[in-house]
Amino acid sequence: MRRPKPPLFLERDSYRRRRMADAARLVPVVGALLFLVPLLWAPAETDAADTVPGGLYIFLVWAGLILAAFLLSRRVGPEPPTRKLGDSEEGS
Amino acid sequence: MLPFNVLVAASVGYVAVLFALAFAAERMAERGRGGWLRSPVVYTLSLSIYCTAWTFFGAVGYAARSGLEFVTIYLGPTLVMVGWWLLLRKLVRIGKAQRITSVADLLSARYGKSASVGAIVTLIAVVGITPYIALQLQSVTLALSVFAEAAPGAPAWEPKETALVVALGLALFTVLFGTRNLDADERHHGVVLAIAVEAVVKLVALIAVGVFVVWELGAGPVDMLARIEASPIADWQLDPGRWVALTFLSGAALLCLPRMFQVLVVENVDERQLATASWAFPLYLFLISLFVMPIAVAGLERFPAGSNPDLFVLTLPLSAGREGLAMLAFLGGFSAATSMVIVAAIALATMVSNHIVLPIWLSVRTPQSRLSEDVRGLVLNVRRLSIACVLGLGWIYYSVSGGGAALAAIGLISFVGVAQFLPAMVGGLFWRGATRTGAVAGLVTGFVIWAYTFFLPSVGAATPLWAEVQAIGPYGIGWLRPQALFGIEGIDPLVHSVFWSMALNTAAFVGASLLSFPGPLERVQGVEFVGVFERDGPAPRGWQGGVAGAEELLAMAQRILGPGEAQRLFQDAAQGQGTGGFLPEVTPDFLQQLERRFAGAVGSATAHAMIAQAGGGTSVSVDDLMKVADEAQQIMEYSQKLEAQSEELSRTARQLREANRKLTELSAQKDAFLSQISHELRTPMTSIRAFSEILGEEGLADEERTRYAGVIHAETVRLTRLLDDLLDLSVLESGNVQLNMKETNLGDVIARAVSTASAAPGAKPFRILREPETEKVEIVTDPDRLAQVFINLITNARKYCDAPMQEVRIEVRRQGGQAQIDVVDNGSGIPRESQEIIFEKFARLGDHTRAGGAGLGLAICREIMEKLGGTIAYLPGQGGAAFRLTVPLRLARAA
């Protein structure tokens, strides 16, 4: 058989790589939640001048997302050739 | 004040530079250099066509009107990009596996290579993108008007005419670069490089204006924050509905806009590019957005209420007398507009030609015309025309809508329109149960609701009829009012349209998918798409082999992919199967491969239909259906190893069979030749003996003597020729031949051969078609030997060509260090089963007496070509008999 059953436990490297892929899937969810936080403040209903703090918050979260994506893209990027076995797990 | 003419000249000069860059990049890519064109940086920069003139001018206007809300347009794409592992990676992988050419092609391929899905998506895209193109024309015109009105003594400003001129110029540029060739994979290196450069220009321009505003007009960042606090937009009027809807919409637009799909998926080369773009593109958006608020606030401070905030990027530097900066800002906006229009027009033109025109053309033409039509030319012309039409539509929309609305409002109309693709696209990628019926239902529902609640109000707002419909509903039906569906009033029009169109679209898509039953091809494609990461076995295939003739397929492929590309593809396939020549066995795998290549040029639905028409065997085999069923998966995997082994065996067997057949045929021919040669030698010998006996007798008249001697002479000449040929061949074969190498012109060699071969009288009218210009190739070779080959080929054509008006075409091409010469006649060609033995000694086809030779001509040609370091091969699929010679321009001194 070309593709035997995936082993029960993976090597340290492969294990780490898969968890990083999990993290990569989480980034947009976390980002979306953080971008929704201003809805809780309801800035339209207050009289305070909240454009500046709001803007700083949005741009800070934005920069954080870019940094996270940068770090993760290094870890999950091109698959090393040795890891032929586990492809199936990454389906969707 | 900056003279208006200088500005126009600068724009034209800028376009000329882009043009030169694009041209240079195409040249480099053609020569196989320019790997950097495929670097992740260029890819990321090309994605920046997301930031159009709407971003460049409109974002500031948006911020001046609604404060922070403008960032939502960039937050959506940021989320999609940083989440590339979830969605984009799969999209790109599928795009490459299926050779997808556009977003319409993606949906069409997913839903059973359906022509109807492709056509619907194309229509929606054309209608949806029209306002967007109008928006670009409007913003360039607006920007120009700033300079024109300020310039002293400027002629009366005509916005519509200016927009028309801009549209014409853009159409020309796009036609020149987007449709230069019909790429097999739809990649456009030149255009991608041009838009990457434009990406840098617009980023630099916007940041330069931002730095000018913060540090020159203001006193640094802290001061800037204080001014924002003091500005009219200091209080953030966050509307939760719009905030969520816009973020969702902009994320969807990144996936669904045809131009974004083009750069994101079609122009993508490998996943490494995507990994880099996942953070670099959000960074680009971040930098573009950074100075938007400061510029907006500075504009609000300095200009009176009522001045157009969409133009602050230009008017701020102008009012401070910084004309150079204003010029840079104008070029930045100009870049943003042109790059968007170019890529959008290319993407839409590809969709129109592949999904609307070609399917119609396929259905109306007759089977006889199939071989004679030039598909490539047709496709390219259709694309050129479509580009002109798309820009024309944009201009009409601009004229009709009056060009009055704020830029951001127009852009959003397009976003909601193309977002209608999202349910069918995402559903198709992750849900095997999505069917074609569901996709069509969802797309049509979404499109109708979008048009009714958002698009028509934008163009028809001014007409009294529409105003009435808006107020009381069509025919007075209140719950059908376009901006208060089902009687729910008071929602923002955008949120209203997004909510109802997406909700009903998704409901129709899911509902119809659940209730309908997919066809076999849909199910196969569903598995291919949803499980693109799981599959590493052979792909399920839609073809039964052996129905179409390889030669017919080659003829068709040449018309779609071009002769060079098609011949290479067929040659490689034949080599892969272990046979030589240009004609591989028509296996299901080969048909599959061929369909993929066609799909890269004309879209999957058309490619499928064309192969089906040529082959007729369009069924999905039992194997494929088994693969669709989950239970069969295990068994299939187990048998894969066996399959691989048996494939190896069958390849060897095929080679052996081939060799055996050749040997048997040759042996039979040798026998036939021996009796033939004995006969050929015996006949002249007999007459020589008889006549020489007569000559020996007494009492012959002089004239009789002369006649008999003449007969004897003629017979010996015939014998000598036969023996010369045999000797020539054996000398060539033994390798003791002396080559007389000289530097010469290929045209001269051909001319000499043509005049020798034409000298002999022939039974039929005969002519030779040459192109003297291409024949001017300097070459070091043995001109006498090479001429001998040409003479042989032309003489053969005169002997065997069965057309009433014989024609021989000679074409010369340079390829690397070689000259390639095709000699093609207009007869009926050589039958498939004989093509492989014609170069063997003693091979003679059909009627022996007619030929009057011993069947050594082509064998001698082959030996000569080998000695000259070249090759000769039969080229099938050219109409008549065709031979391709290759000769090195300079023979390596081996012996």
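Going line by line, the protein sequences match chains U and P. This note's numbering numbers the first residue of the first sequence as 103 and each following residue consecutively. This note's numbering numbers the first residue of the second sequence as 666 and each following residue consecutively. Backbone N, C-alpha and C define an ideal beta-carbon position, used for all residues, glycine too.
Along the region 822 to 841 of chain P, none of the residues has a CB nearer than 8 Å to a CB of chain U. For Arg-1432/P, the closest C-alpha among the options Gln-1403/P, Leu-841/P, Val-1402/P and Asn-1491/P is that of Asn-1491/P. In this structure, the CA atom of Leu-173/U is about 44 Å from the CA atom of Ala-1231/P.
Runs of the beta strand (DSSP E) lying entirely within the region 1397 to 1476 of chain P, each at least 3 residues long, are 1407 to 1410, 1431 to 1435 and 1443 to 1446 in chain order.
Beta-bridge partners assigned by DSSP to Ala-1484/P: Arg-1479/P and Val-1552/P. About 26 Å separates the Cβ atoms of Arg-1261/P and Arg-696/P, ruling out a contact at the 8 Å cut-off. A Cβ-Cβ contact shorter than 8 Å links Phe-999/P with Val-805/P. Beta-bridge pairing by DSSP links Asp-1490/P to Val-1473/P. In the DSSP assignment, Thr-1536/P falls within the beta strand (DSSP E) that extends over 1536 to 1539. Beyond the five residues adjoining it in sequence on each side, Leu-683/P comes within less than 6 Å, by CB distance, of Ala-859 in the same chain, given in chain order.
Rounded to whole angstroms, the gap between the alpha carbons of Phe-1174/P and Ser-1181/P is 11 Å.
Residue Val-1477/P holds the alpha-carbon nearest to the alpha-carbon of Val-1414/P among Gln-1471/P, Val-1477/P, Glu-1369/P and Glu-1358/P. Within chain P, the C-beta atoms nearer than 7 Å to that of Ser-175/U come from Ala-940, Thr-941, Ser-943 and Trp-944, in chain order. About 6 Å separates the beta carbon of Ala-1009/P from that of Ile-794/P, a gap short enough to meet the 8 Å contact definition. If only complete runs of 4 or more residues are kept, the region 1325 to 1366 of chain P shows no alpha helix (DSSP H) anywhere.
Within the same chain, and ignoring the five residues on either side of Ser-1352/P in sequence, the residues whose Cβ sits closer than 7 Å to its Cβ are Val-1376 and Glu-1380. Taking a 10 Å sphere around the C-beta of Met-1350/P, we find fewer than 16 other C-beta atoms and assign the residue as exposed. Around the beta carbon of Thr-148/U, a 10 Å sphere encloses fewer than 16 other beta carbons of the protein chains shown; the residue is thus reported as exposed.
Around the beta carbon of Trp-880/P, fewer than 16 other beta carbons lie within 10 angstroms, which makes this residue exposed. Annotated three-state conformation of Ala-808/P is helix, per DSSP. About 5 Å separates the beta carbons of Val-747/P and Val-129/U, which is inside the 8 Å limit, making them a contact pair. With 16 or more other Cβ atoms from the protein chains shown falling within 10 Å of its own Cβ, Phe-1247/P counts as buried.
By the Cβ criterion, the region 734 to 746 of chain P is in contact with the region 910 to 921 of chain P, since at least three pairs of Cβ atoms, one from each stretch, lie closer than 8 Å. Note: Ala-1547/P is bridge-paired with Val-1489/P in the DSSP secondary-structure output. Only Ala-899, Asp-900, Trp-901, Gln-902, Leu-903, Asp-904, Pro-905, Trp-908, Val-909 and Thr-912 from the region 899 to 928 of chain P bring a Cβ to less than 8 Å from some Cβ of chain U. For Tyr-949/P, the secondary structure class from DSSP, reduced to helix, strand or coil, is helix. A check of alpha carbon separations from Pro-1541/P across Phe-1356/P, Glu-1217/P, Glu-1368/P and Arg-1372/P identifies Glu-1217/P as the nearest.
For Gly-964/P against Leu-952/P, the beta-carbon gap comes to about 20 Å, at or over 8 Å, which does not count as contact. Under the Cβ criterion (8 Å, minimum of three pairs), the region 1305 to 1319 of chain P does not count as touching the region 1340 to 1348 of chain P.
Collapsing the DSSP output to three states places Asn-1019/P in a helix.
Close partners of Asp-152/U in chain P (Cβ separation under 7 Å): Asp-900 and Trp-901. One finds nothing in chain P with a Cβ atom closer than 9 Å to the Cβ of Gly-166/U; even the nearest lies about 10 Å away.
Counting along the chain, Ala-724/P sits inside the alpha helix (DSSP H) bounded by residues 724 to 731.
Around the Cβ of Phe-977/P, a 10 Å sphere holds 16 or more other Cβ atoms; the residue is buried. DSSP places Tyr-708/P in the helix class (H, G or I) of the three-state scheme.
The alpha carbon of Gly-1265/P has as its nearest neighbour, out of Val-931/P, Tyr-1117/P, Arg-1497/P and Leu-1533/P, the alpha carbon of Val-931/P.
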